[in-house]
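Reading through the structure tokens given below for one structure.
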Amino acid sequence: MMTKEIHGLVLFVTIAWLLGGCSSEQLPRTIYTAEDNRLGESGIKLYKMVLLNEDDDFIQLEVDYEYAGNAPADQVKLFVMPNHGYWLEKAIEVKPGRNLGRMTIGLSRGNMEAKKVTASTTTLLTVSFDHYKPEKYVGALYQETVPFRKEWALPDQS
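Those letters in the sequence shown? Residues 14 to 171, by our numbering.
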């Protein structure tokens, strides 16, 4: 027979586990790791991406990358784009060498309201190192597609 104290402790631990400790989606969580550590011909390497935080309307990522490309690093921006047209983010300013960058990707309320949607599902993130000369987009220098499923939803404005 269990005593009341042990029964209460078991109940407390079970509730705590159900409320926060049982998810396999604990954060931070690695969502991408490169198969090898060799720098490719482009001089650009994506080593790892870690999901630091998320909610219905945003994700926060840490990106481990290396840049030794031909374009000056101050003309290169790193974007991570979900495969829907409702994202909003500020690119990571690329630096030469191996670096960690952080970014938050959110929802564009304006784009979603224009299409009359409040939720969206994505399955991929495209990581893109894009070259920009002053006032001109030159093109993508390197892209990598990462599987990442997420149910996005705008928060209520009430």
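The C-beta atom is built at its ideal place from N, Cα and C for all residues, glycine as well.
Please read all numbers here as calculations on a predicted model, not as lab measurements.
Fill in: Span of the alpha helix (DSSP H) around glycine 123
Along the sequence shown, one-based indexing puts residue 123 at 110. Counting along the chain, the alpha helix (DSSP H) containing glycine 123 begins and ends at 122 to 127.
Worksheet item: If you follow the beta strand (DSSP E) that aspartate 77 is part of, which residue opens it and which one closes it?
Response: Within the sequence shown, the letter at position 64 stands for residue 77. That run of the beta strand (DSSP E) goes 71 to 80.
Worksheet item: From glutamine 170 to leucine 91, what does the alpha carbon distance come to, in whole angstroms?
Response: By one-based count along the sequence shown, residue 170 stands at place 157. By one-based count along the sequence shown, residue 91 stands at place 78. Taking the straight line from one Cα to the other gives about 31 Å.
Worksheet item: Just checking my contact of serine 121 with tyrosine 150 at CB under 8 Å: how many whole Å lie between their CB atoms?
Response: Residue mapping note: residue 121 aligns to position 108 of the sequence shown, counting from 1. Residue mapping note: residue 150 aligns to position 137 of the sequence shown, counting from 1. Rounded, the Cβ-Cβ distance is 19 Å, inconsistent with contact.
Practice prompt. Quickly, what does DSSP pair leucine 113 with across the bridge? List them, please.
Written response: The sequence position of residue 113 within the sequence shown is 100, counting from 1. Leucine 113 is bridged to Asp77.
Discussion item. Check for me: the beta strand (DSSP E) holding aspartate 49 runs from which residue to which?
Written reply: For this step, residue 49 is matched to residue 36 along the sequence shown. Neither: aspartate 49 is in no beta strand (DSSP E) and is coded neither H nor E.
Worksheet entry | For arginine 162: DSSP bridge partner residues | Counting from 1 along the sequence shown, the entry for residue 162 is found at position 149. Paired residue(s): none; arginine 162 is not in a bridge.
Discussion item. Considering only DSSP beta bridges, list what glycine 98 is partnered with.
Written reply: Position 85 of the sequence shown, counting from 1, holds the residue named residue 98. Beta-bridge pairing links glycine 98 to no other residue.
Worksheet item: How many angstroms separate the CA atom of aspartate 87 from the CA atom of lysine 61?
Response: For this step, residue 87 is matched to residue 74 along the sequence shown. For this step, residue 61 is matched to residue 48 along the sequence shown. Distance between the alpha carbons of aspartate 87 and lysine 61 is about 22 Å.
Discussion item. Give me the DSSP bridge partner(s) of aspartate 68.
Written reply: Position 55 of the sequence shown, counted from the start, is the residue given in the question as residue 68. Paired residue(s): Phe71.
Worksheet item: In chain order, what residues of the same chain lie with their CB nearer than 8 Å to the CB of glutamate 18, ignoring the 5 residues before and after it?
Response: Here residue 18 corresponds to residue number 5 of the sequence shown, with the count starting at 1. For glutamate 18, the predicted model reports a pLDDT of 47, less than 50, meaning its position is unreliable; a value from the coordinates is still stated below. Hits under 8 Å: none found.
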